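Enquirer: In the working numbering, the protein residues as written are 109 to 366.
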Ligand code: ADP
Ligand code: MG
């Protein structure tokens, strides 16, 4: 087993994940470099969400490991447990990874301000007043200063997702994972969310984005990864993967989403 490298923000090494007989990830290896924007494409059921959940410790791989900034997240090989991190270590690492879900997952009973300030205050990263000050800055950055005291139900889907992105930024994560962040939105709201994600990307945060928005991938991604059947079929620059795919499965997928 090769040692994880510090020059990688996230390193996924030969990860296998299965549910009973359903082999969902069948040996996925991936390196996300600091400040890189990676877009993951692939048909439904190909294992994209599971991969993000493994990176964020929401699922444990049966085989393989993930490291964050050179630090191991969990080590297993051939089912054998080589090292297990404590719950505390896992929680500590999870605060360094932001996660944005398809369905926003805001706290419905909390205002926009409270949603964004909650994590840095609860984890003891910042005092409440500091957390709120940071939250106000981030809420303004996603263009929602006038909604600071609103509740999620008073916002459009696009606005809710922008709050979710501000909330992810509040922990100053080393990487943010976004799982189909615009899939639940009405078409006219997709653009505002993509433009916030672009702004975050330009700010240098490492991003891993699962999306079917090919235009976004072309414009923003440093690297595009195509998955199918629990495997990475190919990866490369947007021009390589989107304009000159090497594999038939990639071509078939692109012909459906383009
Ligand atoms: P994608 O995000 O690419 O659509 P997923 O990672 O969500 O794919 O799912 C890949 C496969 O894993 C699917 O066959 C799905 O049914 C299965 N799967 C995902 N999560 C679970 C789970 N918690 N229990 C059992 N099967 C699961
Ligand atoms: Mg998914």
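Glycine residues also receive a C-beta, built at the ideal position from the N, C-alpha and C atoms.
The structure displayed is predicted, hence computed values, not measured ones.
Which same chain residues end up closer than 6 Å to residue 312 when comparing Cβ atoms and leaving out the 5 residues on each side of it in sequence?
Expert: Result list for residue 312: 143, in chain order.
Enquirer: Which of helix, strand or coil does DSSP assign to residue 179?
Expert: Correct three-state label for residue 179: strand.
Enquirer: From this set, 273, 261 and 206, which residue's C-alpha is nearest residue 302's C-alpha?
Expert: With distances taken between Cα atoms, residue 302 lies closest to 273.
Enquirer: Residues in its own chain within less than 6 Å of residue 249 by CB, not counting five upstream and five downstream?
Expert: Cβ neighbours of residue 249 beyond the five flanking positions: none.
Enquirer: Might you give, ordered along the chain, the residues of its own chain that have their beta carbon closer than 8 Å to the beta carbon of residue 162, omitting 5 neighbours on each side?
Expert: Closer than 8 Å at the Cβ level, and outside the excluded window around residue 162, lie 120, 123, 125, 133, 168, 169 and 174.
Enquirer: Taking just the CA atoms, how far does residue 228 sit from residue 242?
Expert: Their backbone Cα atoms lie some 9 Å apart in a straight line.
Enquirer: Can you give the Cα-Cα distance for residue 159 and residue 221, rounded to whole angstroms?
Expert: Going from the Cα of residue 159 to the Cα of residue 221 covers about 31 Å.
Enquirer: From the DSSP output, in three-state form, read off residue 338 for me.
Expert: Coil, per DSSP.
Enquirer: Would you report the Cα separation of residue 340 and residue 293, rounded to the nearest angstrom?
Expert: Cα to Cα, the separation comes out at about 27 Å.
Enquirer: According to DSSP, residue 210 sits in a beta bridge with which residue or residues?
Expert: In the DSSP output, where bridge partners are listed per residue, residue 210 has none listed.
Enquirer: Are there three or more Cβ pairs, one per stretch, closer than 8 Å when the region 342-351 is compared with the region 232-246?
Expert: With the cut-off at 8 Å, the region 342-351 and the region 232-246 do not touch.
Enquirer: Do you know how far the Cα of residue 309 is from the Cα of residue 328?
Expert: Distance between the alpha carbons of residue 328 and residue 309 is about 8 Å.
Enquirer: Can you name, in chain order, every residue of its own chain whose Cβ lies under 8 Å from the Cβ of residue 261, other than the five neighbours on each side?
Expert: Hits under 8 Å: 216.
Enquirer: Helix, strand or coil for residue 137 per DSSP?
Expert: Correct three-state label for residue 137: strand.
Enquirer: Could you pull out every unbroken alpha helix (DSSP H) segment of at least 4 residues lying fully inside the region 139-172, listed in chain order?
Expert: Runs of the alpha helix (DSSP H) inside the region 139-172: 156-163.
Enquirer: Determine the DSSP secondary structure at residue 328, reduced to helix, strand or coil.
Expert: Helix, per DSSP.
Enquirer: Need the endpoints of the beta strand (DSSP E) that residue 125 sits in, please.
Expert: 118-127 is the extent of the beta strand (DSSP E) around residue 125.
Enquirer: Is it buried or exposed for residue 115, if we count other Cβ within 10 angstroms and need 16 for buried?
Expert: It counts as exposed.
Enquirer: Taking DSSP as the reference, what is the three-state secondary structure of residue 131?
Expert: Reduced to three states, the DSSP call for residue 131 is strand.
Enquirer: What did DSSP end up calling residue 358 once you bin it into helix, strand or coil?
Expert: Residue state, collapsed to three classes: helix.
Enquirer: When you compare each of 197, 269 and 263 to residue 288 by their alpha carbons, which one comes out closest?
Expert: Checking every option, the nearest Cα to that of residue 288 belongs to 269.
Enquirer: Taking only heavy atoms of the ligand MG into account, decide whether any of them is closer than 7 Å to the Cβ of residue 287.
Expert: At least one heavy atom of the ligand MG is nearer than 7 Å to the Cβ of residue 287, so yes.
Enquirer: What residue does the alpha helix (DSSP H) around residue 293 start on, and which one ends it?
Expert: No alpha helix (DSSP H) holds residue 293; DSSP gives it neither H nor E.
Enquirer: Quick one: what does DSSP say residue 245 is sitting in, helix, strand or coil?
Expert: If DSSP states are grouped into helix, strand and coil, residue 245 belongs with the helices.
Enquirer: What I want to know is whether the C-beta of residue 130 ends up closer than 7 Å to one or more non-hydrogen atoms of the ligand ADP.
Expert: True, at least one ligand heavy atom lies under 7 Å from that Cβ.
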